[in-house]
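Numbers 177 to 808, taken from our numbering, label the letters of the sequence shown in order.
Glycine included, every Cβ here is placed at the ideal spot set by N, Cα and C.
None of the values given here were measured: they were computed from a predicted structure.
All remarks here apply to the structure that follows.
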Amino acid sequence: MGMYEDVFRASTEDPESFWLDAAEGIDWDVVPRRALDSSGAPFYRWFPDGRLNVCFNALDRHVDAGRGDQPALVYDSPVTGTLRTYSYARLRDEVAVFAGALARLGVERGDRVVIYMPMVPEAAVAMLACARIGAVHSVVFGGFAPRELALRIDDAAPKVVVSASCGIEGKRVIAYKPLLDEALELAAHKPEKSVVLQRPQAPADLGPDDLDWADLVAAAPPAECVPVSANDPLYILYTSGTTGKPKGVVRDCGGYAVALHWSMGAVYDIGPGETMFTGSDVGWVVGHSYIVYGPLLVGATTVLYEGKPVGTPDAGQFWRVAAESGVKTMFTAPTAFRAIRKEDPEGTLAAHHDLSALRYLFLAGERLDPETYRWASALLDVPVIDHWWQTETGWPIVANPVGIEAAPVKPGSPTRPLPGWDVRVLDASGRPAPEGVDGAIVVRLPLPPGALPTLWNDDERYIASYLSAFDGYYLTGDSGHIDDDGYVFVMGRTDDVINVAGHRLSTGSMEEALAAHPDVAECAVIGVADPLKGQVPRGFVVLKAGAAREPGEVEAELVQLVRDRIGAVASLKDVAVVAALPKTRSGKILRKTMRGIADGRDEPIPSTVDDANVIDALRPVLRSTGDGGSNT
C-alpha cells in the first residue's frame, strides 16, 4: 500500500482523490463522483452522490463472487458450550429472512429498530437485516437497566425492538424480558412489536405485543437489499452524556463502509479468508466496527465470542479461541489483558495452545500501560499494537498501521495519526502546544469518512459537545502530547489532568509508574479535592494473583516509586490495595465515578457498570481521609 509518510501525505494533500480511490473497494449501486461535500460545514458529508447497500457489501457480494462456502462468522460460546460456524451463504440467507420478517412488521427504509441482545449470532443477523432493508439499528447492551433502555427507546423512537429472553454474564443467567417490559412501561414512545429470541437457559413469557423469533422467521420470505444514499444513517449508537441524556452518535452508510474496508487492510492487515477475533461486545462501537461490519466487508472470518477473558472458565479462553479458529489478528481492551495477567501472571495457560497463526495483538478502549504492553509482547512474541479511537470516530484515529508500514513501537504511545486524521495538541488558549507538552488533543476538520456527521436529532448538541471549544477542530476530550517523531501520547481524559498546588499533572503518568511495580496487576489514580492544594492524587491498585506481600509494604513502595519517577511534585502519598476496580462492561475504569464518591458527592452508578458491587465495596476506601490502607 506504500510507505506511511506517502500514504498520509496523499490523504491530507488530496483527500478527494485519496478517498475516491478507497471507495473503489466498495460495490456501489451509484458510484460516487465526489468524495466530500463541505457546503453544509461544519456538517460535512462524504460521497453525497453515491448509493449502496452495506449488507450487500458485507454478505451478498462475497457469495456472488463464489465464496459462499467460506466461513463468515464463528460463534464461540464457552458459557453455553456452543461452537458454530456460519458460511457467507448461510449468514446471507438468515439475514435475508430476518430482514423479510422485519419488512412484514412494517419496518421500512429510515425506520429505527432497537436491538437489546446478548453476544449471540442473532444480534449480528438483526443488525445486518436492518442494513439490508435500509432501516437504522440502535444496539443497546443486553441487560442494560430499564431506565437507560427507556431513554434510548424514547430518543430513537423505534418501530420494533428485537431482544432475547436472557443473557449469560459469566456464571449468571440474566432474564432480559422483565427488564425490557419495565423499560417499555417507562418509555413515552411505544414500539409496535417486540421480537424475542427464546434461549433455553431462561425462556420468556410472551405478551400480546411480543413475537417469537423462531415463529416469525419460519413464515417470512427473504428480502432483497435496498439501495440507500451514502449519507443515510446506518445506525445510532448511544454514548454517555454530561447531562445524563445519552448522545446518539450517528453513523452514515457510505463513509463508514469505505473507512472500515480501508482500515481492515491498512491497520489490521486482514484480508479475504483471514480470521479476526475481537473480544468485545456488539453494544460497543468496537463490536459494530470490528466484530460485524469491518471483517465482513473485506470477506474475512469474524469470531463472535460469548464469554469473559477470565472465569468462563479460566484465563486461557482467548488463547483457546485464537488456536481453534486460526486467528491472525486479535483485538481487545487492555483491561482484558490485565485481568488475564492478574489470574495467570506467568502466562502458563497460553503454552497449552497453538498460537502459530497469531500475527498481531491490537489493544484499545483504554490507555495501554507500558507494563501490560511488555507482558503481552513477551508472552506472545508478536507485535502488540496500541491504538486509540472513540465511539464518535467509528475507526482508529492513531495507530501503527501494520498493513502500510509498521513503525518502531514506543511503549505508552499508540504511534502516529492514521491517514485522514489531522491530529493536533492545543493549549487552553487554542495555540499549538510545544512538542512533548500535554494539552487538549483535537482533530482538524473535516473529520474523515466513517466519523460521526452529527448526533441523532441534535445538531446543536453536536456542535456544543465537539466543535465549540476550538474553532475548526473536533475536541476529542482526551489530553496528551506529540513528541518530535510525531508519536501521539494519550494520557487520559481532559478531566484526568489534575491541578496540585498550581502544577498540572497527568494521572496517566502516575498510573504508568504504579503499573511498573512487579506485584501490580492494574491501577487507577484519581484527583480528589484538597483544601490546601486544590487537588491531590490518590492511587488504587489490584495485586496479581499469588502476590504474597503485605499490602502496607506494597503501598509504601508504590508511593516511593511515583516519587522516584515523577518527583515530589506529584504529591502521591496515598495508595490503597483493593480487591477490584469498578469498570464499564467494555473494561474502562470508572475514574469519574470514583472521583465523585471520593469528593463526597452522591455519585450515581453509571448504567454501563459491569458490577455495581465493586463500587459499593470501594466506597469506604474512597471516602476515607486519605491515610491509605488496604481493602483486600
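Residue i to residue j, Cα distance in whole Å?
i    : j    : result
T418 : A394 : Because the pLDDT at T418 is just 49, under 50, the model does not fix this residue reliably, and the point stays unresolved.
F513 : D545 : 11 Å
D381 : K353 : 8 Å
K369 : P334 : 10 Å
F320 : E726 : 38 Å
S553 : T256 : 31 Å
E251 : W495 : A small correction: the amino acid at residue 251 is Tyr; Glu does not occupy that position in the sequence shown. One C-alpha to the other measures close to 16 Å.
A217 : P297 : 39 Å
A697 : P590 : 21 Å
G668 : W389 : 43 Å
S187 : A199 : 13 Å
E636 : D706 : 36 Å
S685 : R185 : 32 Å
L757 : L737 : 21 Å
G487 : Q493 : 9 Å
G653 : A396 : 46 Å
S605 : Y649 : 13 Å
A272 : L278 : 10 Å
G802 : V704 : Caution is warranted here: a pLDDT of 48 is assigned to G802, below 50, making its placement in the model unreliable, and the coordinate value is therefore given only provisionally. Approximately 10 Å, taken between the alpha carbons.
R550 : A364 : 51 Å
V338 : V289 : 7 Å
G615 : S800 : 32 Å
Have a look at the options and flag the residue whose alpha-carbon is nearest the alpha-carbon of residue i.
i    : options                : result
G662 : P448, R714, P782, V585 : V585
G430 : D213, G459, R771       : D213
C231 : L472, V255, F494, G343 : L472
P782 : D660, Q493, K421, R308 : K421
Q566 : D557, S605, I617       : I617
W632 : P409, A198, A279       : P409
I573 : L228, A442, A277       : A442
V601 : I639, Y466, W571, A645 : A645
M303 : L356, A640, I467       : I467
L543 : G226, I350, C699       : Checking the sequence shown, residue 543 turns out to be Arg, not Leu. For R543, the nearest C-alpha among the options comes from C699.
H657 : V613, T630, P622       : V613
K764 : D786, P780, A774       : D786
Y292 : E324, R268, S263, Y262 : E324
A248 : G570, P254, R266       : R266
S641 : L794, G424, D557, W564 : G424
H563 : S439, G523, L355       : S439
Checking 9 Å against the spacing of the C-beta atoms, do residue i and residue j come in under that value?
i    : j    : result
I702 : R777 : no
V578 : V599 : no
D457 : F665 : no
D750 : V712 : yes
Y536 : T508 : no
T451 : S501 : yes
R741 : A692 : yes
V372 : D386 : yes
A515 : A491 : yes
N407 : P294 : no
R375 : A340 : yes
G626 : V497 : no
L690 : L734 : yes
E687 : G715 : yes
A311 : V283 : yes
V718 : V754 : yes
P521 : G346 : no
G570 : S465 : yes
P448 : R243 : yes
A378 : A275 : no
To which residues does DSSP link residue i through a beta bridge?
i    : result
E345 : R348
A811 : Since the first residue shown for the chain is 177 and the last is 808, residue 811 is missing from the structure and cannot be characterised.
E698 : V718
P409 : D428
V372 : S339, D388
P608 : L602
Roughly how far, in whole angstroms, is the beta-carbon of residue i from the beta-carbon of residue j, given that I think they are within contact range, below 8 Å?
i    : j    : result
L594 : A575 : 6 Å
K720 : K484 : Actually they do not touch by this definition, with Cβ atoms about 18 Å apart.
V503 : V474 : That pair is no contact at about 15 Å.
Kindly examine the ligand ZN and report whether one of its heavy atoms sits closer than 8 Å to the Cβ of residue i.
i    : result
W632 : The ligand ZN is not part of the structure shown, which contains no ligands of any sort.
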